[in-house]
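Peer 1:
Number of protein chains: 2
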Amino acid sequence: MRYHRIPNETVHRLPIYLRGLLRLSEQGRQSVSSRAFADLVNVNPWQIRKDFSYFGDFGTRGVGYSIDKLEKHIRKILRLDVVNKTALVGVGNLGSAVLAYPGFKTYGFYITAAFDSDPEKIGNTIEGIEIEDVSKICTLRERDVHLAIVAVPGSAAQQIADALVGAGVKGILNFSPVHVIVPKKVKVITIEIAMDLARLPYYMPAS
Amino acid sequence: MRYHRIPNETVHRLPIYLRGLLRLSEQGRQSVSSRAFADLVNVNPWQIRKDFSYFGDFGTRGVGYSIDKLEKHIRKILRLDVVNKTALVGVGNLGSAVLAYPGFKTYGFYITAAFDSDPEKIGNTIEGIEIEDVSKICTLRERDVHLAIVAVPGSAAQQIADALVGAGVKGILNFSPVHVIVPKKVKVITIEIAMDLARLPYYMPAS
DNA sequence: CTATGTGAATTTATTCACAGCA
DNA sequence: TGCTGTGAATAAATTCACATAG
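Line by line, the protein sequences give chains C and U.
Counting along the first sequence from 1, when you hit position 48 you're at 93 in my numbering, and nothing is skipped either side.
Counting along the second sequence from 1, when you hit position 107 you're at 152 in my numbering, and nothing is skipped either side.
1) Below 9 Å between beta carbons is the criterion; list the residues of the segment 123–144 of chain U that meet it against any residue of chain C, in chain order.
2) For the alpha helix (DSSP H) containing Ser78 (chain C), list its first residue and its last residue.
3) Counting only the same chain and skipping the five closest in sequence on each side, list residues whose C-beta sits under 8 Å from that of Trp91 (chain U).
4) Roughly how far, in whole angstroms, is the beta-carbon of Leu63 (chain U) from the beta-carbon of Ile112 (chain U), given that I think they are within contact range, below 8 Å?
5) Note down, one range per segment and in chain order, each beta strand (DSSP E) of at least 3 residues found wholly within the segment 153–239 of chain U.
6) With a threshold of 6 Å on Cβ separation, who are the neighbours of Glu116 (chain C) within its own chain once the five nearest residues in sequence on each side are excluded?
7) Can you tell me the Cα-Cα spacing of Val86 (chain C) and Asn53 (chain C), whole angstroms?
8) Quick check on Arg244 (chain C): buried or exposed, where buried means 16 or more other Cβ atoms within 10 Å of its Cβ?
9) Taking Lys232 (chain U) as the query, report the chain C residues whose CB atoms sit under 7 Å from its CB, ordered along the chain.
10) How about Val136 (chain U) and Lys166 (chain U): do their beta carbons lie closer than 7 Å?
11) Along chain U, in chain order, which residues have C-beta atoms closer than 7 Å to that of Pro60 (chain C)?
12) Report back the beta-carbon spacing between Val38 (chain C) and Ser221 (chain C) to the nearest angstrom; my notes put them in contact at under 8 Å.
13) Can you pull the chain U neighbours of Gly216 (chain C), defined as C-beta to C-beta under 8 Å?
14) State yes or no: is the C-beta of Thr235 (chain C) nearer than 6 Å to some heavy atom of the ligand ZN?
15) Val56 (chain U) versus chain C: which residues are under 9 Å apart at the beta carbon?
16) What residues of chain C sit near His224 (chain U), judged by a beta carbon separation below 7 Å?
17) Which class does Leu67 (chain U) belong to by DSSP, given the choice of helix, strand or coil?
18) Return the Cβ separation of Gly104 (chain C) and Tyr110 (chain C) in integer angstroms, given the expectation that the two are a contact with Cβ distance under 8 Å.
19) Find the nearest neighbour of Lys229 (chain C) within the set U:Tyr248, U:Val225, U:Ile238, U:Ile174, judged by alpha-carbon distance.
20) Looking only at DSSP bridge pairs, what is Leu85 (chain U) linked to?
21) How long is the line joining the alpha carbons of Ala49 (chain C) and Ile61 (chain C), rounded to whole angstroms?
22) What did DSSP end up calling Gly104 (chain C) once you bin it into helix, strand or coil?
23) Have a look at U:Ile234, U:Gly211, U:Ala251 and flag the residue whose alpha-carbon is nearest the alpha-carbon of Ile182 (chain U).
24) For Ser76 (chain U), which option in U:Ile51, U:Asn219, U:Ser98, U:Gly107 has the closest C-alpha, if you only look at C-alpha atoms?
25) For Gly168 (chain U), which residues in the same chain have their Cβ closer than 6 Å to its Cβ, ignoring the five residues on either side in sequence?
26) Who are Thr131 (chain U)'s beta bridge partners in DSSP?
27) Within 10 Å of its beta-carbon, does Lys215 (chain U) have 16 or more other beta-carbons around it, so buried, or fewer, so exposed?
28) Verify whether the separation of the beta carbon atoms of Phe82 (chain U) and Ala239 (chain C) is less than 7 Å.
29) Please check if any C-beta of chain C sits within less than 7 Å of the C-beta of Ile236 (chain U).
30) When the Cβ atoms of the segment 144–159 of chain U are set against those of the segment 125–134 of chain U, are three or more pairs found closer than 8 Å?
31) Measure the beta-carbon distance from Ile51 (chain U) to Tyr99 (chain U) and round it to whole angstroms, keeping in mind my assumption that it falls under 8 Å.
32) Which residues, in chain order, does the segment 150–176 of chain U contribute to contact with chain C at a C-beta distance below 7 Å?
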């Protein structure tokens, strides 16, 4: 099964695995069995084995999987093996939280630019990043930034997305509660907090 | 196919449908065809028809679906047909963004309590909600709050989750980047921003 | 004897195609 | 004729069971 496309659901689990591997690596572990890893990441052992089998030979029978090899390979598959410069647009409460969030570095993301439209904020430095006017988004191309996080109000989101696409951005993580339309060569992932919350009561036991 | 369990993936799409219906409702529309709705919510028409067919008879052949009936019914399925009082724990940047976010009301969620451990913040009022000490979480039971949003650092998340469970909370929306362990009668949905971002380069076209 | 790796079986979800009602 | 509603076909993902390697 060496040459096989990786199912979408597996790709979805890859960052979860990566985080688990990182934790084991910090503990100085060299290898881990599918059983032990299952407990850590909350996925069945057979699911883990099948997922890993889609992209190669990282296990040793009787021993387990090489943490280091696996980590490197998952990073490569997800294209997290290079530094990904990322821009942030919208430095309100949510944007500030994103700037302060240390979790991005784990995956090789570095926020190297921040934009806002509020003249009060422009020129300020937050978390070591100077806030620029949104009209400067067009400079992202020459700054080699291909990823952006959008944390602006819904009413501004499409316009910002257009500017980002115009500046050569290839991937957008969208926090605004609107479906932004982009050319299909650009990938958008929208996070809708309210929708995740909306699913919660369905899965809650009867009160 | 009238009496059929609703597939998980359909439940997942329900909040998306609900938002679309709400938008149509605001425009004063009475009914919508699966084709027109498909464009709005970005799901195939046949998928929409199949999904709707799992829970009843809301369409009229030749015309379309009754927006009002459908909205009410989806709300009922998701148990969004009642006011869901919600607590927020952690009023940092992210927590403040959550408090200010208007999208929750759409789905019947009202944040009626906010907690933090910072003495500087306790007693302050933000967005009309007084910030209380985290030690007061135990009062949630008598205040009839069964839902909570956790926006605290990872190191504090498990402890906060324990307190919430102790106070009778049945559902937790977790923003902290750790897997919290709760009794299985409690449902936790964890949002991991960094993981969503981590999936983006995989889906981006080669730079 | 332990733990991987993988075909085969099963379950779940999507897509199709069209009968049937307004 | 237009659009829903749904069985049947297809596709995708999960689970199982076991041969195989260390």
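Cβ coordinates follow ideal geometry from the N, Cα and C atoms, glycine included.
All values derive from a computational prediction rather than experimental measurement.
Peer 2: On the basis of the coordinates in this document:
1) Leu123, Arg124, Leu125, Val127, Asn129, Thr131, Gly137, Asn138, Leu139, Gly140, Ser141, Ala142, Val143, Leu144
2) Here residue 78 (chain C) refers to the residue found at position 33 of the first sequence. Premise fails: Ser78 (chain C) is in no alpha helix (DSSP H) and is neither H nor E.
3) Counted from its first residue, the second sequence places residue 91 (chain U) at position 46. The answer, listed in chain order, is Ser79.
4) Position 18 of the second sequence, counting from 1, holds the residue named residue 63 (chain U). Position 67 of the second sequence, counting from 1, holds the residue named residue 112 (chain U). 11 Å between Cβ atoms; not a contact.
5) 154–161, 174–178, 192–195, 216–219, 232–235
6) Along the first sequence, one-based indexing puts residue 116 (chain C) at 71. Result list for Glu116 (chain C): Leu66, in chain order.
7) Against the first sequence, residue 86 (chain C) aligns to sequence position 41. Against the first sequence, residue 53 (chain C) aligns to sequence position 8. Rounded to whole angstroms, Val86 (chain C) to Asn53 (chain C) spans 18 Å at the Cα level.
8) In the first sequence, residue 244 (chain C) corresponds to position 199, counting from 1. Classification for Arg244 (chain C): buried.
9) Residue numbering aside, residue 232 (chain U) sits at position 187 when the second sequence is read from its first letter. Under the 7 Å cutoff, chain C gives Leu245, Tyr248, Met249.
10) As a position in the second sequence, residue 136 (chain U) is number 91, starting the count at 1. As a position in the second sequence, residue 166 (chain U) is number 121, starting the count at 1. Contact flag set, yes.
11) Here the question's residue 60 (chain C) lines up with position 15 in the first sequence. The answer, in chain order, is Met240, Ala243, Arg244.
12) Within the shown structure, residues of chain C are numbered from 46 to 252, placing residue 38 (chain C) beyond reach of any answer.
13) On the first sequence, residue 216 (chain C) is found 171 positions in, with the first residue counted as 1. Neighbours of Gly216 (chain C) on chain U, chain order: Leu245, Pro246, Tyr248, Met249.
14) Absent from the structure shown: the ligand ZN. Ligands present: none.
15) Looking up residue 56 (chain U) in the second sequence gives position 11. Arg244, Tyr247, Tyr248, listed in chain order.
16) Indexing the second sequence from 1 puts residue 224 (chain U) at position 179. Simply Asn87.
17) Working through the second sequence from its first residue, we reach residue 67 (chain U) at position 22. The answer is helix: DSSP assigns Leu67 (chain U) an H, G or I state.
18) Counted from its first residue, the first sequence places residue 104 (chain C) at position 59. Counted from its first residue, the first sequence places residue 110 (chain C) at position 65. Correct: roughly 5 Å between the Cβ atoms.
19) The residue labelled residue 229 (chain C) in the question sits at position 184 within the first sequence. Nearest of U:Tyr248, U:Val225, U:Ile238, U:Ile174 to Lys229 (chain C), Cα basis: U:Tyr248.
20) Position 40 of the second sequence holds residue 85 (chain U). For Leu85 (chain U), which the question treats as bridged, DSSP gives no partner whatsoever.
21) What you label residue 49 (chain C) is simply residue 4 of the first sequence in a count that begins at 1. What you label residue 61 (chain C) is simply residue 16 of the first sequence in a count that begins at 1. It is worth fixing the name first, because residue 49 (chain C) is His in this sequence and not Ala. The straight-line gap from Cα to Cα measures roughly 21 Å.
22) If you number the first sequence from 1, residue 104 (chain C) lands on position 59. Of the three classes helix, strand and coil, the one that applies to Gly104 (chain C) here is strand, per DSSP.
23) Locating residue 182 (chain U) in the second sequence gives position 137, where the first residue counts as 1. Among U:Ile234, U:Gly211, U:Ala251, the Cα nearest to that of Ile182 (chain U) belongs to U:Gly211.
24) The residue you call residue 76 (chain U) lines up with position 31 of the second sequence. For the residues U:Ile51, U:Asn219, U:Ser98, U:Gly107, the minimum Cα distance to Ser76 (chain U) belongs to U:Gly107.
25) Translated into positions along the second sequence, residue 168 (chain U) becomes position 123. Cβ neighbours of Gly168 (chain U) beyond the five flanking positions: none.
26) Locating residue 131 (chain U) in the second sequence gives position 86, counting from the first residue. According to DSSP, Thr131 (chain U) bridges with U:Ile156, U:Leu192.
27) Position 170 of the second sequence, counted from the start, is the residue given in the question as residue 215 (chain U). Buried: at least 16 other Cβ atoms inside 10 Å.
28) Reading the second sequence from its first residue, position 37 is the one you call residue 82 (chain U). Reading the first sequence from its first residue, position 194 is the one you call residue 239 (chain C). Cβ atoms of Phe82 (chain U) and Ala239 (chain C): not closer than 7 Å.
29) Looking up residue 236 (chain U) in the second sequence gives position 191. Yes, Ile236 (chain U) counts as interfacial toward chain C.
30) yes
31) The residue given as residue 51 (chain U) occupies position 6 in the second sequence. The residue given as residue 99 (chain U) occupies position 54 in the second sequence. With a Cβ gap of about 5 Å, Ile51 (chain U) and Tyr99 (chain U) count as contacting.
32) Thr151, Tyr152, Phe154
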